[in-house]
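Student: Could you have a look at this structure, given as structure tokens, before my questions?
Number of protein chains: 2
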Amino acid sequence: MGNSPEETEQLRKIRAGDVRTASRLIRNLEDGLPEAKSSLKRIFPHTGRAHVVGITGAPGAGKSTLVDSLISSFRSNEKTVGVLAVDPTSPFTGGAILGDRIRMQRHAEDPGVFVRSLATRGALGGLAKAVGDAVHVMDVMGKEIVMVETVGTGQQEVEIINHSHTVIVVLVPGMGDEIQAIKAGIMEIADIFVINKADRDGAAQLMNELIAMLNMAPESASGWRPPVIRIGSVFEPVPFGESVAELSAAIGDHYRRLVETGLLGDRMRRKTMVEIHEALRDAILEPILKGLTESGEMEQIAGRVLRKESDPYTAAEEIARRCLK
Amino acid sequence: MGNSPEETEQLRKIRAGDVRTASRLIRNLEDGLPEAKSSLKRIFPHTGRAHVVGITGAPGAGKSTLVDSLISSFRSNEKTVGVLAVDPTSPFTGGAILGDRIRMQRHAEDPGVFVRSLATRGALGGLAKAVGDAVHVMDVMGKEIVMVETVGTGQQEVEIINHSHTVIVVLVPGMGDEIQAIKAGIMEIADIFVINKADRDGAAQLMNELIAMLNMAPESASGWRPPVIRIGSVFEPVPFGESVAELSAAIGDHYRRLVETGLLGDRMRRKTMVEIHEALRDAILEPILKGLTESGEMEQIAGRVLRKESDPYTAAEEIARRCLK
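Below is the structure:
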């Protein structure tokens, strides 16, 4: 059970916030290297201190710019910040298209800020797992706020959001956003709403619709009522800065409410359940898929199914019978 | 191995296009009923005739209206049509928010058209699997064209698109769509581009950007070059109708190209591989999760992980050792 000197050193460096060691571990976790998994087990007991903030909304809602402003706001309050930007993978190039390089450039020199983008290469819901892993690394680095910015909508996004304590939904006027958010199924999981680009036409209408919707919603267990924060154009310095400060204050308020009401424990439990599910997929399904692919059996099964000599469900049941005790 | 008279009757009715029998099977598949899985095995040998067309794009891009117009266009060419509208599930209400009822009302009386919406309740990527299952049912009903309309972007969407032979990406001017589409990682999988609401400002610019991007792309194995089709406002009857006819012709052209070049076989194989993966998840992981939850062991594991007495990865490995041969 003892750790090697290298392993002890890796843990020490990550806990000290060493960017190179942390970056390498995140990359190795993404690549699914077995030694990265061992590292994850070693760092796990040191997790649980970061406030994880999920930021979601339709593409084009201005989430990256908002996250960039929030970094500045948290830094001015002397909070350390981790940011995880989740880029959906191109199925062909297999990597993140928008990288760290073009994101949040101006924070690159600040040792209190650690920004990484993440993409996934795994077919079976690997993205949510990779997000959870990278959040753990940033947590152990001592980042007090870890922001997870996700692109897009849908079930996958909801899974990523499950790793957060506070969820911010970013809407934009004039995009039919109210409908978009309902469609995305993320309305009920919002702890804070942001109306971004609030100098655009339709901001007041969107505000009214949101408030009407919130008035109809049942009171939450914590008594928290999601605030709606309007943020104008970046090119309007004064109101922009003020509204970002309001947002970062609301993020802090929400966390304090979770702590005071004991609901933080519930969110931690939900997060843990999700992690166990993901780890089970990784430990059970992935090795079976790998074995079938490497032995060439997957090709044979596909051939039989294509010729209609079998079907996917019967083939899967046969494999289950063979693999499961 | 013999089927009961009820089973034979169900298969006969679905093959005859019976709406009630097909709807019930799709619902039962969504609900994960074991008898639905047996039905799926029975209908599987009769699949493989439909041309499956995936239609994707950002929320608000006007996909539903476009699908509605395509139905009319295919019907005027005497093609039978199935439509599967994929609504992301609300994690709280657990159902589709936009139902069949408000979609494509005017085709409700046409026996050559079958429209269903789909949502998923499963946590682990159940949506893509449910889509594949419902496409099979529509295929066996004899629908010549099956359109799968998905909302949103991201990995989940790419998985759904894997079930299609022809993929249409719908963009709208002035939404920063070019960036959106790249972010979504779906640009490379488009067989046809639609610039919808092409009477809006920015349509020409978007067209130019798309063409520039396509000019840089390597030639595809089939020699197919994705056409870019502009579709104006619904309230401009003549050009709208013409451009929809152009789109439905392009859909047919793409399919013929796939057949002529033999690439249809490659797409069928990819589709089959995805289905086998999904069936394996269903046959292997789901029963383990169910067992752990019902026995209360999942709660105990979560407790140990929360108290940092264990970690998700070690816990999952222990379960894997116990469950796998």
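Order-wise, the sequence lines are chains L and F.
If you read the first sequence in this note's numbering, its first letter stands for residue 477, the second for the next number, and so on.
If you read the second sequence in this note's numbering, its first letter stands for residue 477, the second for the next number, and so on.
By construction, the Cβ of each residue, glycine as well, lies at the ideal position given by its N, Cα and C atoms.
1) Tell me whether the region 528-548 of chain L and the region 636-643 of chain L touch, counting them as touching only if at least three CB pairs, one residue from each stretch, are closer than 8 Å.
2) Let me confirm a value: Thr815 of chain F is counted as buried when at least 16 other C-beta atoms fall within 10 Å, else exposed. Which label applies?
3) Given a limit of 7 Å on CB to CB distance, which residues of the region 506-524 of chain F reach chain L?
4) Note the first and the last residue of the continuous beta strand (DSSP E) segment covering Ile707 of chain F.
5) Tell me which same chain residues have a C-beta within less than 6 Å of the C-beta of Val613 of chain F, skipping the five on either side of it?
6) Anything in chain F within Cβ reach of Arg745 of chain L, meaning under 8 Å, just list it in chain order.
7) Excluding the 5 residues preceding and the 5 following Ala679 of chain F in the sequence, name in chain order all residues of the same chain whose CB lies nearer than 7 Å to its CB.
8) Less than 8 Å separating the beta-carbons of Asp615 of chain F and Arg732 of chain F?
9) Taking the alpha helix (DSSP H) that Arg746 of chain F belongs to, which residues open and close that run?
10) Contact between the region 694-705 of chain L and the region 733-752 of chain L: three or more CB pairs below 8 Å?
11) Give the range of the alpha helix (DSSP H) segment to which Gly533 of chain F is assigned.
12) What residues of chain F sit near Asp787 of chain L, judged by a beta carbon separation below 8 Å?
13) Please tell me whether Ala610 of chain F and Leu594 of chain F are closer than 8 Å, where the distance is taken between their beta carbons.
14) State the Cα-Cα distance for the pair Val589 of chain F and Ile621 of chain L, rounded to the nearest angstrom.
15) What's the gap between the Cα of Arg798 of chain F and the Cα of Val781 of chain F?
16) Given Lys489 of chain F, which residues of its chain have a CB within under 6 Å of its CB, disregarding the five upstream and five downstream residues?
17) How many whole angstroms separate the CB atoms of Arg518 of chain L and His641 of chain L, which I take to be in contact at a CB cut-off of 8 Å?
18) Would you please state the rounded distance, in angstroms, between the beta carbons of Leu768 of chain F and Ile760 of chain L? I believe it to be under 8 Å.
19) Verify the contact flag: Gly618 of chain L, CB atom, against every heavy atom of the ligand ZN, threshold strictly below 7 Å.
20) If the criterion is Cβ atoms closer than 8 Å, does the pair Asp586 of chain L and Arg551 of chain L meet it?
21) Please list, in chain order, the chain L residues whose beta carbon lies closer than 7 Å to that of Ile707 of chain F.
22) Quick check on DSSP: helix, strand or coil for Ser549 of chain L?
23) Give the secondary structure of Arg783 of chain L by DSSP, where H, G and I count as helix, E and B as strand, and everything else as coil.
24) Hey, would you say Leu546 of chain F sits closer than 8 Å to Val720 of chain F, going by beta carbons?
25) Are the C-beta atoms of Asp758 of chain L and some chain F residue less than 8 Å apart?
26) With DSSP as the reference, please indicate the residues paired to Ile621 of chain L in a beta bridge.
27) Buried or exposed, going by whether 16 or more other CB atoms sit within 10 Å of the CB of Arg486 of chain L?
28) Quick check on the burial criterion: 16 or more other C-beta atoms within 10 angstroms. Buried or exposed for Arg757 of chain L?
29) So which residues on chain F does Thr748 of chain L lean against when the C-beta distance must stay under 8 Å?
30) At 9 Å on the CB atoms, spell out the chain L contacts of Ile458 of chain F, in chain order.
31) Just curious, the beta strand (DSSP E) that Arg676 of chain L is in, first and last residue?
32) What whole-angstrom Cβ distance do Val562 of chain L and Val528 of chain L have, given they're in contact under 8 Å?
33) Pop quiz: Leu647 of chain F and Ala726 of chain F are said to be a contact at Cβ under 8 Å. What is the actual Cβ separation, rounded to whole angstroms?
34) Residues of chain F with a CB under 7 Å from the CB of Ala537 of chain L: which are they?
35) Report buried or exposed for Lys766 of chain L, applying the criterion of at least 16 other Cβ atoms within 10 angstroms of its Cβ.
36) Taking a contact to mean a Cβ-Cβ separation below 8 Å, would you say Ala755 of chain L touches Pro788 of chain F in this structure?
Tutor: Taking the definition as stated:
1) A contact exists between the region 528-548 of chain L and the region 636-643 of chain L.
2) This structure gives no information on residue 815 of chain F, because the portion of chain F shown stretches from 477 to 801.
3) Residues passing the 7 Å Cβ filter: Lys513, Leu516, Lys517, Phe520, Pro521.
4) Segment: none, Ile707 of chain F is in no beta strand (DSSP E) and carries neither H nor E.
5) These residues qualify, in order along the chain: Ala498, Leu501, Ile502.
6) Those within 8 Å of Arg745 of chain L in chain F are Ala778, Leu782.
7) Taken in chain order, the residues that qualify are Pro649, Ile671, Arg706.
8) Against a cut-off of 8 Å, the Cβ pair of Arg732 of chain F and Asp615 of chain F comes out as no contact.
9) Run containing Arg746 of chain F: 739-756, per the alpha helix (DSSP H) assignment.
10) In the pairwise beta carbon analysis, the region 694-705 of chain L is classified as touching the region 733-752 of chain L: at least three pairs are separated by under 8 Å.
11) First-last for Gly533 of chain F: 527-533, but that is the beta strand (DSSP E), not the alpha helix (DSSP H).
12) Under the 8 Å cutoff, chain F gives Leu516, Lys517, Phe520, Pro521.
13) Yes, these two residues count as a Cβ contact at 8 Å.
14) If you draw a straight line from the Cα of Val589 of chain F to the Cα of Ile621 of chain L, it comes to about 52 Å.
15) For the pair Arg798 of chain F and Val781 of chain F, the Cα-to-Cα distance works out to about 19 Å.
16) So the qualifying residues of the chain are Thr497.
17) Going by Cβ atoms, the distance from Arg518 of chain L to His641 of chain L rounds to 24 Å, so no, they are not a contact pair.
18) Distance from Leu768 of chain F to Ile760 of chain L at the Cβ level is roughly 11 Å; contact not present, criterion being Cβ atoms closer than 8 Å.
19) The ligand ZN is absent from the structure shown, which contains no ligands of any kind.
20) Against a cut-off of 8 Å, the Cβ pair of Arg551 of chain L and Asp586 of chain L comes out as a contact.
21) The contacting residues do not exist; Ile707 of chain F stays about 18 Å from chain L at best.
22) Here Ser549 of chain L sits in helix by DSSP.
23) Three-state DSSP puts Arg783 of chain L in coil, outside helix and strand.
24) Yes. Within cutoff.
25) Residue-level contact by beta carbon holds for Asp758 of chain L and chain F, with a gap shorter than 8 Å.
26) Ile621 of chain L is bridged to L:His527, L:Val557.
27) The question names Arg, but residue 486 of chain L is Gln in the sequence shown. With 16 or more other Cβ atoms within 10 Å, it is buried.
28) Buried, since its Cβ has 16 or more Cβ neighbours within 10 Å.
29) Residues of chain F passing the Cβ test: Ala778, Val781, Leu782, Pro788.
30) This structure does not reach residue 458 of chain F, given that chain F is present from 477 up to 801, and the question cannot be answered.
31) Careful: Arg676 of chain L lies outside any beta strand (DSSP E) and carries neither H nor E.
32) Not a contact, Cβ separation roughly 13 Å.
33) Contact between Leu647 of chain F and Ala726 of chain F does not hold, since the beta-carbon distance rounds to 15 Å and is not under 8 Å.
34) Those do not exist, as Ala537 of chain L stays about 10 Å from chain F at its closest Cβ, beyond 7 Å.
35) Counting the other Cβ atoms within 10 Å of the Cβ of Lys766 of chain L gives fewer than 16, which makes it exposed.
36) Remark: C-beta atoms of Ala755 of chain L and Pro788 of chain F approach each other more closely than 8 Å.
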